[in-house]
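Input: a single structure, listed below in structure tokens.
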Amino acid sequence: MPDSPRIVFMGTPEFAVPSLDALVGAGLAPVAVVTVPDRPAGRGQKVRSSAVKQAADRHGIPVLQPDSMKDPAFAQAVADLAPDILAVVAFRILPPAVYETARLGAFNLHGSLLPAYRGAAPLQRALMDGVEETGVTTFLLQPSVDTGAILLRRAVAVGPDDTAGDVHDRLAEIGAEAVVETVRMLADGTAEPQPQDDALASPAPKIFREDGRLDWSQSAARVHNHVRALAPVPGAWTEWDGETLKILRTTPTDGGGAPGTVTVDAGRIVVACGHGAVEVLALQRQGKRRLDAEAFLNGVDLDGARFGA
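The numbers in the sequence shown follow our numbering, run straight up by one, and end at 296.
Right, dumping it as structure tokens:
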């Protein structure tokens, strides 16, 4: 590979940190990192930096924190860095005025095997559908979101009980490898972008609170997939006794009855679904901590209750 390319890295959450760390470890340290401004967070509303900014500070990399991606001053600040490559991981939508500053190309790391699951919540939507395989894709940026030519794809298997949290961590690690390899391909001219087949595309829209509501009339398999797709956060939920109850871990099991009906047997919480039933292994009341089923039942009588009513 020729002289090390001038890379500008853009990202925000913990998912992006392994990619930044991997670039530094591979001798491809970015000349700058772009992330969101520091903001109040948590119960105390203490001002906090993004996970990516914390990682950049650890590596001694200069950080830009623009308020708006559309501010001409931000585009000029990126252009002044004279980037060869823009590497984007879990960041905002960039206007062409920003990503076209990259001499060799600007790419994004997406948490699915594109063109499947284009959108803001690819991992959650994939698990809701019960996929047995997902992965990451790097692709060239263009104005239409998640539609650019594919540079590289890496797949991982998804187990029947894997949660979004489990798969998230695996995707972050293989994503980091993909980011380093993509940078090297762009830098040495070996990248071969392949256009996406729009006919194979599927949407992965953002998760809103109502998307977490469990529909007990669905099959046990679909209820189980919904729970694990939203675990550990934001958590699938149901209504019970006038409050919201988060259902955080389940497993399909035998059972029947009206959908949402709860049976307690030997410390097990079993909820009837439209077809079959699920055993609830972990759950959380409003304002309380997560508990396993046995601990939850120490202070609550659920036998015969109805979830979702």
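Glycine residues also receive a C-beta, built at the ideal position from the N, C-alpha and C atoms.
Assigned exposure category for residue i - 16 Cβ within 10 Å defines buried
{"i": "Phe195", "result": "exposed"}
{"i": "Leu312", "result": "Because residue 312 is not part of the residues shown, which for the chain are -12 to 296, the question remains open."}
{"i": "Asn285", "result": "exposed"}
{"i": "Gly162", "result": "buried"}
{"i": "Arg30", "result": "exposed"}
{"i": "Gln181", "result": "exposed"}
{"i": "Gln63", "result": "exposed"}
{"i": "Ala108", "result": "buried"}
{"i": "Ser297", "result": "For residue 297 there is no data in the structure shown, the boundaries of the chain being -12 and 296."}
{"i": "Gly229", "result": "exposed"}
{"i": "Pro239", "result": "buried"}
{"i": "Pro83", "result": "exposed"}
{"i": "Val249", "result": "buried"}
{"i": "Gly99", "result": "Per the sequence presented here, residue 99 reads as Ser, with Gly not at that position. Its Cβ being crowded by 16 or more others within 10 Å, Ser99 is buried."}
{"i": "Asp241", "result": "exposed"}
{"i": "Glu179", "result": "exposed"}
C-alpha distance - residue i paired with residue j, whole-angstrom precision
{"i": "Met(-12)", "j": "Arg277", "result": "Below a pLDDT of 50, predicted positions are generally treated as unreliable, and Met(-12), at 47, falls in that range; no measurement from the model is reported."}
{"i": "Val220", "j": "Val34", "result": "22 Å"}
{"i": "Gly146", "j": "Glu119", "result": "6 Å"}
{"i": "Asp279", "j": "Glu160", "result": "29 Å"}
{"i": "Leu128", "j": "Val21", "result": "16 Å"}
For residue i, the first and last residue of its enclosing alpha helix (DSSP H)
{"i": "Met172", "result": "151 to 175"}
{"i": "Arg105", "result": "Looking at the DSSP string, Arg105 is not in any alpha helix (DSSP H), and its letter there is neither H nor E."}
{"i": "Val85", "result": "83 to 86"}
{"i": "Glu230", "result": "Taken as a continuous stretch (DSSP letters only), Glu230 belongs to no alpha helix (DSSP H), being part of the beta strand (DSSP E) at 230 to 240."}
{"i": "Pro5", "result": "4 to 12"}
Residue from the options whose Cα sits closest to the Cα of residue i
{"i": "Glu281", "options": "Ile80, Ala253, Gln41", "result": "Ala253"}
{"i": "Asp149", "options": "Leu138, Phe126, Met115", "result": "Met115"}
{"i": "Gly307", "options": "Pro83, Glu1, Gln273, Glu168", "result": "The first residue shown for the chain is -12 and the last is 296, placing residue 307 beyond what the model contains."}
{"i": "Arg105", "options": "Thr121, Asp241, Arg90, Glu87", "result": "Thr121"}
{"i": "Asn212", "options": "Cys260, Asp184, Gln273, Leu138", "result": "Cys260"}
{"i": "Ser(-9)", "options": "Phe283, Leu81, Asp71, Val132", "result": "Asp71"}
Helix, strand or coil at residue i [DSSP, three-state]
{"i": "Leu187", "result": "helix"}
{"i": "Phe294", "result": "coil"}
{"i": "Asp198", "result": "helix"}
{"i": "Pro59", "result": "helix"}
{"i": "Asp67", "result": "helix"}
{"i": "Asp133", "result": "coil"}
{"i": "Arg215", "result": "helix"}
{"i": "Arg209", "result": "helix"}
{"i": "Phe78", "result": "coil"}
is_contact[residue i, chain D] using C-beta, thresh 8 Å
{"i": "Val143", "result": "Among the chains in the structure shown there is no chain D, since it carries only a single protein chain."}
Opening and closing residue of the beta strand (DSSP E) in which residue i lies
{"i": "Val(-5)", "result": "-6 to -2"}
{"i": "Gln271", "result": "264 to 272"}
{"i": "Val21", "result": "19 to 21"}
{"i": "Asp252", "result": "249 to 252"}
{"i": "Val34", "result": "33 to 35"}
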